[in-house]
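Asks:
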Ligand code: PBG
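Numbering (the numbering used here), first residue to last: 11 to 341.
1. Within 8 Å, do at least three Cβ pairs link the segment 203–218 to the segment 255–263?
2. Note down, in chain order, each residue of its chain lying with its Cβ closer than 6 Å to the Cβ of residue 171, except the 5 sequence neighbours on either side.
3. Residue 255 and residue 204 - do their beta-carbons sit closer together than 7 Å?
4. Can you list, in chain order, the stretches of the beta strand (DSSP E) that have 3 or more residues and sit fully within the segment 150–231?
5. So, under 8 Å CB-CB, residue 137 and residue 215 are touching, yes? Tell me the CB distance rounded to an integer number of Å.
6. In terms of alpha-carbon separation, which member of 62, 134, 68, 57 lies closest to residue 226?
7. Write down the C-beta distance between residue 131 and residue 223 rounded to the nearest angstrom, noting that I regard them as a contact closer than 8 Å.
8. How is the beta strand (DSSP E) around residue 42 delimited, first residue to last?
9. Can you name the start and end residues of the alpha helix (DSSP H) that residue 311 belongs to?
10. Among 191, 309, 277, which has the Cα closest to the Cα of residue 422?
11. Mapping the DSSP letters down to three states, classify residue 287 as helix, strand or coil.
12. My assumption, with CB atoms under 8 Å, is that residue 181 sits in contact with residue 160. Please give the rounded CB distance.
13. For residue 228, I'd like the list of residues in its chain whose CB is within less than 7 Å of its CB, leaving aside the five on either flank, ordered along the chain.
14. Could you name the residues that DSSP lists as bridge partners for residue 143?
15. At a threshold of 6 Å, does residue 287 count as lining the ligand PBG (C-beta to nearest heavy atom)?
16. Counting along the chain, where does the beta strand (DSSP E) carrying residue 135 start and finish?
17. Throw me the rounded Cβ distance for the residue 221 and residue 90 pair, which I believe falls under 8 Å.
18. Where do the N-terminal and C-terminal ends of the beta strand (DSSP E) with residue 87 fall, by residue?
19. If we call anything under 7 Å between Cβ atoms a contact, is residue 33 one with residue 316?
20. Would you kindly report the start and end of the unbroken beta strand (DSSP E) that includes residue 127?
21. Can you tell me which residues form a DSSP beta bridge with residue 261?
22. Would you grab the beta carbon distance between residue 340 and residue 35 for me? Rounded to a whole angstrom, and I think it's under 8 Å.
23. Taking just the CA atoms, how far does residue 37 sit from residue 129?
24. Please indicate yes or no: does the CB of residue 217 lie closer than 6 Å to some heavy atom of the ligand PBG?
25. In three-state DSSP terms, what is residue 15?
26. Please report the distance separating the alpha-carbon of residue 311 from that of residue 282.
27. Measure the beta-carbon distance from residue 217 to residue 286 and round it to whole angstroms, keeping in mind my assumption that it falls under 8 Å.
28. Between which two residues does the alpha helix (DSSP H) holding residue 324 run?
29. Residue 257 and residue 319 - do their beta-carbons sit closer together than 7 Å?
30. Would you list the one or two residues that DSSP bridges to residue 65?
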């Protein structure tokens, strides 16, 4: 058979396949999301996220050491306070759970890069991502009064030692508001990673169980994005870059690979993808049943996000992935 092009030529040996590989992955691109909670001496398993735990501050050391040993140098912290209230005051309390966790970790492990999630939903009694106000006979999240709280949250986290803030609330104008507040406090070199393209997604289900942050009424559709929309995602990403975001994130990852590519082509800042709790839970459940090979699936999902255009990948599988990279399963 006469053929000029034979793509299989470049697939004939492992060495050659690796030589022509288009996507390279490195553990330095990984972020591990980690839950910290009030109290002492406890590591609580999260049922919907088998293998993931909530740590009291004093119990975080072991996990941080494991991550560093594996080659994962960045974490994103989520705080789960004992007391929630209408105004989410524990989100910006000087001795709040996040503030204590950040200073504990940075003091012991200054080499661990600590990013903090800036949002209200883990701290409000109603579970919404901001302040409620009544409009037309029902309650909704009030955009502009929420911005003031987010500013306080971000400033208090950075004062406690946070290396980078990551607002995930989806209020309009929050990137500029937070940037201004940080600059005014002298934190102009602290980077801001915006959850710019964050969809209202059922893939966050297990996270909400982990954080006890499911809204007590309604849903998040008046602030998180409608998953039918592509162009709106580009608009959100461009807006956040204009407002000063240093990195923009697309979330979730697996069902939104088109958006990772769209955003990557539209902006000139690094793009992050967050493989969220529901993605993790699905892999764990299928693997536990013996229906899929967990390690191969984790690798394929990660490379998919990088191939789509992500430079940063946040995942509950960060430690495992770092191991697979070391072993040369992917790389
Ligand atoms: C806070 C926040 C959420 C997630 C990250 N930050 C929950 C939500 O928006 O309901 C979800 C992460 C995950 O599912 O792993 N707003």
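Yeah, the Cβ is synthetic: ideal placement off N, Cα and C, and Gly gets one too. Since we're looking at a predicted model, the values are computed, not measured.
Replies: In short:
1. yes
2. Answer for residue 171: 112, 113, 116, listed in chain order.
3. yes
4. 174–177, 203–208
5. Not quite, the Cβ-Cβ distance comes to about 13 Å (not below 8 Å), so this is no contact.
6. 134
7. 4 Å
8. Residue 42: member of the beta strand (DSSP E) spanning 40–47, first to last residue.
9. 304–318
10. With the chain running from 11 to 341 in the structure shown, residue 422 is simply not present.
11. helix
12. 7 Å
13. Within the same chain, and ignoring the five residues on either side of residue 228 in sequence, no residue has its Cβ closer than 7 Å to its Cβ.
14. 150
15. yes
16. Where residue 135 is concerned, there is no enclosing beta strand (DSSP E), given that its DSSP letter is neither H nor E.
17. 5 Å
18. 84–90
19. yes
20. 123–128
21. 208
22. 6 Å
23. 27 Å
24. True, at least one ligand heavy atom lies under 6 Å from that Cβ.
25. coil
26. C-alpha separation (whole angstroms): 14 Å.
27. 7 Å
28. First-last for residue 324: 322–325, but that is the beta strand (DSSP E), not the alpha helix (DSSP H).
29. no
30. 46, 53
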